[in-house]
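Here's the structure, in structure tokens; my notes come after.
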Amino acid sequence: MDGGEHWSSGQGSALVVPEGDYAAGAIQVRQTDAAANASADTNNFASALRVDATAPELVQLDSGGTVDAVPIEAGLHLVYDEPVILGDGTIELRDAGGVLVQAWNSRNLEGITVLGSDIWVQPTRELAFSQGYQWIVGAGAVKDEAGNEPHGISL
Numbered sequence: 000m001d002g003g004e005h006w007s008s009g010q011g012s013a014l015v016v017p018e019g020d021y022a023a024g025a026i027q028v029r030q031t032d033a034a035a036n037a038s039a040d041t042n043n044f045a046s047a048l049r050v051d052a053t054a055p056e057l058v059q060l061d062s063g064g065t066v067d068a069v070p071i072e073a074g075l076h077l078v079y080d081e082p083v084i085l086g087d088g089t090i091e092l093r094d095a096g097g098v099l100v101q102a103w104n105s106r107n108l109e110g111i112t113v114l115g116s117d118i119w120v121q122p123t124r125e126l127a128f129s130q131g132y133q134w135i136v137g138a139g140a141v142k143d144e145a146g147n148e149p150h151g152i153s154l
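Residues 0 to 154 in numbering that gives the first Met the number 0 are what the sequence shown lists, from first letter to last.
See below:
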């Protein structure tokens, strides 16, 4: 990672690289046999590489109202600290009794928009006045491009 100045030992066919961004050619790989003979050729990663092991963090949450009063036409707006995509988990809206009103995931996109680090969820079902509702962003519902998933939340 420093042009071949220093080498890290490894084993087998796997390579462990610390989290970060690497320019094309910055990572070089060589093999050493049991007699400590290093291969004459080194292999470079021909393209840039990003190693990302950090889950996205929720930095802003807006449910369209105050703690005591949210308009029934309000949706949910989530903002993460990096671009995200929908995963296999679900984002749910449940009524005060815990009954599922509507659910969204990567296979059901009706009423959901993902743009960069922002997710907007808008119920398409009619909601009742003076009824309590709960949003649940389940584990695996959101992930970054590397597949890292934040913890689920309930509000």
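Cβ atoms here follow ideal geometry from the backbone N, Cα and C, with glycine treated the same way.
**Asked** What is the DSSP secondary structure of V66, counted as helix, strand or coil?
**Response** Caution is warranted here: a pLDDT of 49 is assigned to V66, below 50, making its placement in the model unreliable, and the coordinate value is therefore given only provisionally. Coil.
**Request:** Report yes if the C-beta distance between G110 and T123 is below 8 Å; otherwise report no.
**Result:** yes
**Request:** Going by DSSP, name the residue or residues bridged to R93.
**Result:** L99, Q133
**Item:** Same chain, Cβ closer than 7 Å to G74, neighbours up to 5 away in sequence not counted
**Value:** G63, W119, V120, Q121, P122, listed in sequence order.
**Prompt:** For P17, does the count of other Cβ atoms within 10 angstroms reach 16, so buried, or fall short, so exposed?
**Reply:** Counting Cβ neighbours within 10 Å, P17 comes out exposed, since fewer than 16 surround it.
**Request:** For D61, collect the residues of the same chain with a Cβ closer than 6 Å to its Cβ; drop the 5 residues on either side in sequence, then sort them by chain order.
**Result:** H76
**Message:** Looking at D51: is its Cβ nearer than 8 Å to the Cβ of D143?
**Reply:** Yes; because the gap between Cβ atoms is below 8 Å, this pair is in contact.
**Request:** Give the DSSP-derived three-state secondary structure of R124 in the structure shown.
**Result:** coil
**Prompt:** Excluding sequence positions up to five away, which residues of its chain have a Cβ less than 6 Å from the Cβ of I135?
**Reply:** E91, S153
**Message:** Short of 6 Å in beta carbon distance, which residues of its chain neighbour T112, apart from the five on each side in sequence? Order them along the chain.
**Reply:** Excluding sequence neighbours, T112 sits near W119.
**Asked** In whole angstroms, what is the alpha-carbon distance linking V66 and E148?
**Response** With a pLDDT of 49 at V66, under the threshold of 50, the modelled position of this residue cannot be trusted; read the value that follows with caution. Approximately 27 Å, taken between the alpha carbons.
**Request:** Identify whether I26 lies in helix, strand or coil by the three-state DSSP scheme.
**Result:** DSSP, reduced to helix, strand and coil, places I26 outside both helices and strands of the structure shown, so it counts as coil.
**Among G115, Y79, E81, S129, nearest to D94 - alpha-carbon criterion** = Among G115, Y79, E81, S129, the Cα nearest to that of D94 belongs to S129.
**Request:** For L114, count neighbouring C-beta atoms within 10 Å of its own C-beta (all shown protein chains included) and say buried if the count is 16 or more, exposed if not.
**Result:** L114 comes out exposed.
**Item:** C-alpha gap between N107 and H150, whole angstroms
**Value:** 21 Å
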